[in-house]
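Numbering (the numbering used here), first residue to last: 1260 to 1581.
Beta carbons: idealized from backbone N, C-alpha and C, even for Gly.
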């Protein structure tokens, strides 16, 4: 017995902190959540990015920035910023408690519909996620399910707890099957499968498909590492008009530019998987350009026209290749 007690104490001392050490935080420098609307015709793509530190009331937080993306390219990287980012709020992890806290400075309502908005109080610290929860606990009470015209979101009831492989790591995962309309997976270090802020999601009406936001991509790195390109440069051709003809395209397409390009530009073609398939330079002062298309398979394509030096999107469109 004298040998057993010290051994037991050593076991407790060395294993008790394991859960805290294994905790995967969300407030990581340069973490990016790429989010889009589940309705294809209104993707509303945007990004939450963690960058920089601050202190509020003696408590350390990470800053959270909101970035709007260009709609047409929501399905693929690179992601193009539509306007200046702004400071949305701050967040912190309580590593020992396995909890994530947030203070929102701005509302989160990309659709401009109250029942699809972030309904947690602003300027007050809120418990965003609790990964110490047990089966039967209700979490995310100011997120969760936002039913139409419901004044209070219902939160999620944890039905089971497991482990999922998500974005390169095995993560503690909370499952909630408390609704016929959603099966949220809440990943430690990531948040909900519906995005950084969880379940901004409602049924369109009983028995139909879901309307809401979904996590499209997650990346830790600089904007450049995560293929996010600033659209805040000065527009290369402020009032330029671009026309690609014919459409459908055959072996060759003709691009007309009016007025003439004042700087060198680039014409880029992407498929629906976001792969860059064709790129052609547009020389300075060019007003007409012939672009060979014979190597493109038949199908539907997107094109963008960017500044050669700035990557600002000066024009965009789509075409069919016969």
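Asked	Found
With DSSP collapsed to three states, give me the class of residue 1224.	Because the chain spans 1260 through 1581 in this model, residue 1224 falls outside it and cannot be assessed.
Give the straight-line distance between the Cα atoms of residue 1516 and residue 1539, rounded to the nearest whole angstrom.	14 Å
If we call anything under 7 Å between Cβ atoms a contact, is residue 1390 one with residue 1357?	yes
Taking 7 Å as the threshold (C-beta atoms), are residue 1477 and residue 1454 in contact?	no
Can you say whether residue 1502 is buried or exposed, counting buried as having 16 or more other CB atoms within 10 angstroms of its CB?	exposed
Is the beta carbon of residue 1362 less than 7 Å from the beta carbon of residue 1384?	yes
If you reduce the DSSP assignment to three classes, tell me which class residue 1367 lands in.	coil
I'd like to check one pair, residue 1485 with residue 1291: are the Cβ atoms closer than 7 Å?	yes
Taking Cβ to Cβ, would you say residue 1580 is nearer than 7 Å to residue 1548?	no
Does the Cβ-Cβ distance between residue 1324 and residue 1456 come in under 7 Å?	no
Go to residue 1423, then tell me how far its beta strand (DSSP E) extends in each direction, as first and last residue.	1419–1425
How is residue 1482 classed by DSSP in three states: helix, strand or coil?	coil
With DSSP as the reference, identify every bridge partner of residue 1540, one or two as the case may be.	1525
Starting from residue 1511, follow the beta strand (DSSP E) in both directions and report where the run begins and ends.	1511–1517
In the DSSP assignment, what are the bridge partners of residue 1502?	1515
Verify whether the separation of the beta carbon atoms of residue 1445 and residue 1433 is less than 7 Å.	yes
Let me check you understand the geometry: is the CB of residue 1515 closer than 6 Å to at least one non-hydrogen atom of the ligand FMN?	Among the components modelled here there is no ligand, and therefore nothing to report on the ligand FMN.
Let's test the definition: count the other Cβ atoms within 10 Å of the Cβ of residue 1506 and tell me whether it reaches 16, buried, or not, exposed.	exposed
Quick check on residue 1382: buried or exposed, where buried means 16 or more other Cβ atoms within 10 Å of its Cβ?	exposed
Return helix, strand or coil for residue 1472, following the three-state DSSP convention.	strand
For residue 1418, which of 1578, 1557, 1443 and 1309 has the nearest alpha-carbon?	1443
Around the C-beta of residue 1574, are 16 or more other C-beta atoms found within 10 angstroms, so that it is buried, or is it exposed?	buried
One question on the structure: do residue 1474 and residue 1452 come within less than 7 Å of each other, judged by their Cβ atoms?	yes
The beta strand (DSSP E) with residue 1449 in it runs from where to where?	Premise fails: residue 1449 is in no beta strand (DSSP E) and is neither H nor E.
Tell whether a beta-carbon distance below 7 Å holds between residue 1520 and residue 1552.	no
Could you give the distance in angstroms between the alpha-carbon of residue 1310 and the alpha-carbon of residue 1509?	46 Å
Looking at the structure shown, is residue 1348 part of a helix, part of a strand, or coil, going by DSSP?	strand
Go to residue 1546, then tell me how far its beta strand (DSSP E) extends in each direction, as first and last residue.	No beta strand (DSSP E) contains residue 1546, which DSSP labels as neither H nor E.
Would you identify the three-state DSSP class for residue 1386, choosing helix, strand or coil?	strand
Quick check: what's the CA-CA separation for residue 1576 versus residue 1479?	30 Å
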